[in-house]
Amino acid sequence: MSSIRFDNLPGLLYLLLPVLLLTYYFISSRVIKKGVFLSEISSLKRDFSYKILFHYLSVVLLFLGLFLIAFSLSKPQSGAKREITQYSGIDIMLVLDVSPSMLTKDYGNYTRLDVAKLVTSNFVDKRHGDRLGLVTFSTNSFLKAPATNNYKLLKDILSRIFISPEKQGSTSIGLGLASGVNRLLSIKDNLENQSKIIILITDGENNSGEITPQTATEIAKKSAIKIYTIGIGTAEELDMSLLKNIAEQTSGEFFFARNSNEIKTTFDTIDTLEKQTLNTIEFTNFKNIGYIISIFGIIFFLCGLFLYTFIFRRLG
Numbered sequence: 007m008s009s010i011r012f013d014n015l016p017g018l019l020y021l022l023l024p025v026l027l028l029t030y031y032f033i034s035s036r037v038i039k040k041g042v043f044l045s046e047i048s049s050l051k052r053d054f055s056y057k058i059l060f061h062y063l064s065v066v067l068l069f070l071g072l073f074l075i076a077f078s079l080s081k082p083q084s085g086a087k088r089e090i091t092q093y094s095g096i097d098i099m100l101v102l103d104v105s106p107s108m109l110t111k112d113y114g115n116y117t118r119l120d121v122a123k124l125v126t127s128n129f130v131d132k133r134h135g136d137r138l139g140l141v142t143f144s145t146n147s148f149l150k151a152p153a154t155n156n157y158k159l160l161k162d163i164l165s166r167i168f169i170s171p172e173k174q175g176s177t178s179i180g181l182g183l184a185s186g187v188n189r190l191l192s193i194k195d196n197l198e199n200q201s202k203i204i205i206l207i208t209d210g211e212n213n214s215g216e217i218t219p220q221t222a223t224e225i226a227k228k229s230a231i232k233i234y235t236i237g238i239g240t241a242e243e244l245d246m247s248l249l250k251n252i253a254e255q256t257s258g259e260f261f262f263a264r265n266s267n268e269i270k271t272t273f274d275t276i277d278t279l280e281k282q283t284l285n286t287i288e289f290t291n292f293k294n295i296g297y298i299i300s301i302f303g304i305i306f307f308l309c310g311l312f313l314y315t316f317i318f319r320r321l322g
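Using the numbering used here, you'd call the opening residue of the sequence shown number 7 and step up by one each time.
Take a look at the structure:
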């Protein structure tokens, strides 16, 4: 929506100048003398004269030119309102279990890994302004993607994660968490009040690794990193007490998803809990239009002066 403002409002007082000049012109000229003005009107109706036409046209142009020049002195500015929406994002590390047990087909023809990848990818689509990274773990942990705003790249990396059926390995939850914490803390431009969270997805219990889950959890807690733990698969294979403890100590939440719908619901819940802060900034970008108005004013004034000086007087 466009709007107009005046940077020099007192300059509007100069708008009286053309009125005063025009009034003075009529008073001092013979046009205002008694009976002359009315006789010219009567003459104009009875017998059209180019002299009368150019006379009044020159007066109108002179008046309009002076008015526009005076109006430009108020420095009028035209502007359009705009809005900018800023997202105060969250730094999120996705920590995904890729141990051999994730190849178990609990969901029809789909493995636990297939469903975890699909739902995680959908979660990424819903985030705006966040930086998301990906760590995978089994016996060891691997950084697949540092925290990034390039969601297309992240989803591409996620889609290419696979587990070889011949793979042998264990589950190092502590090592996976430690890698996620380390990556969040290594973000150089991370603000002190920037929210940092880890989403841990696993189907088993910690049975290997140089770093225990408790040690990684304590580091996360001291660093104000919130951890959401998601257990998938069967209750018999999960160390639920461990996953609950990790979430509780870091002010996160534990979710047990027994099927694909529950996994999706879990991510939807996290998406709701970890909302970005939206700041809408409204501003008006003003541009000075006074010089344009003054140019037209000068043109009209010169045209009026030309008509009066070179046309009207010569017709006389």
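Note that beta-carbon positions come from the ideal geometry of N, C-alpha and C, so glycine has one too.
For residue i, which beta-bridge partners are listed by DSSP?
i: A263; result: I238
i: I204; result: M99, I233
i: T154; result: L138
i: F143; result: D103, S147
i: Y113; result: Y116
Rounded to a whole number of angstroms, what is the C-alpha to C-alpha distance between residue i and residue j?
i: F306; j: I75; result: 10 Å
i: S257; j: Y234; result: 9 Å
i: E172; j: F148; result: 19 Å
i: S214; j: K194; result: 31 Å
i: Y314; j: H61; result: 6 Å
i: I96; j: Y157; result: 14 Å
i: V66; j: F77; result: 16 Å
i: M99; j: F292; result: 43 Å
i: L119; j: N155; result: 24 Å
i: I225; j: S84; result: 56 Å
i: F316; j: G310; result: 10 Å
i: I301; j: L70; result: 12 Å
i: I207; j: G135; result: 23 Å
i: E280; j: T272; result: 12 Å
i: N267; j: K161; result: 20 Å
i: L63; j: L308; result: 12 Å
For the putative contact between residue i and residue j, defined by C-beta atoms under 8 Å, what is the C-beta separation to the nearest angstrom?
i: L102; j: L138; result: Going by Cβ atoms, the distance from L102 to L138 rounds to 12 Å, so no, they are not a contact pair.
i: I238; j: A122; result: 7 Å
i: K250; j: V125; result: With 8 Å as the limit, K250 and V125 do not qualify as a contact, their Cβ atoms being about 21 Å apart.
i: I236; j: K202; result: Their Cβ separation, rounded to whole angstroms, is 18 Å, which puts I236 and K202 out of contact at 8 Å.
i: I167; j: K150; result: 7 Å
Could you tell me whether the Cβ atoms of residue i and residue j are closer together than 8 Å?
i: L159; j: S127; result: no
i: D277; j: K132; result: yes
i: Q174; j: P106; result: yes
i: N212; j: T240; result: no
i: L244; j: D274; result: no
i: A184; j: I217; result: yes
i: G186; j: P219; result: no
i: G182; j: F129; result: no
Using a Cβ-Cβ cut-off of 7 Å (strictly less than) and excluding sequence neighbours within five positions of residue i, which residues of its own chain qualify?
i: N265; result: Y113
i: K227; result: Q255, T256
i: L59; result: none
i: T145; result: G175, S176, S178, S214
i: I304; result: G71, I75
i: M246; result: G237, F262
i: T221; result: G180
Quick one: what's got a C-beta closer than 6 Å to residue i's C-beta in the same chain, skipping five residues either side?
i: T117; result: L109, K111
i: F260; result: T235, L249, K250, A253
i: V104; result: T142, S144, I169
How about residue i: is its C-beta nearer than 8 Å to some C-beta of chain C?
i: D112; result: Absent from the structure is chain C; it holds one protein chain and no more.
Excluding the 5 residues flanking residue i on each side, which residues of the same chain have their C-beta closer than 8 Å to its C-beta?
i: A153; result: D97, I98, M99, R137, L138, G139, R189, L190, I193
i: T223; result: L183, I233, N251, I252, Q255, T256
Between residue i and the ligand MG, is there a pair consisting of the residue's CB and a ligand heavy atom that are separated by less than 7 Å?
i: G135; result: With respect to the ligand MG, the structure offers nothing, as it holds no ligand at all.
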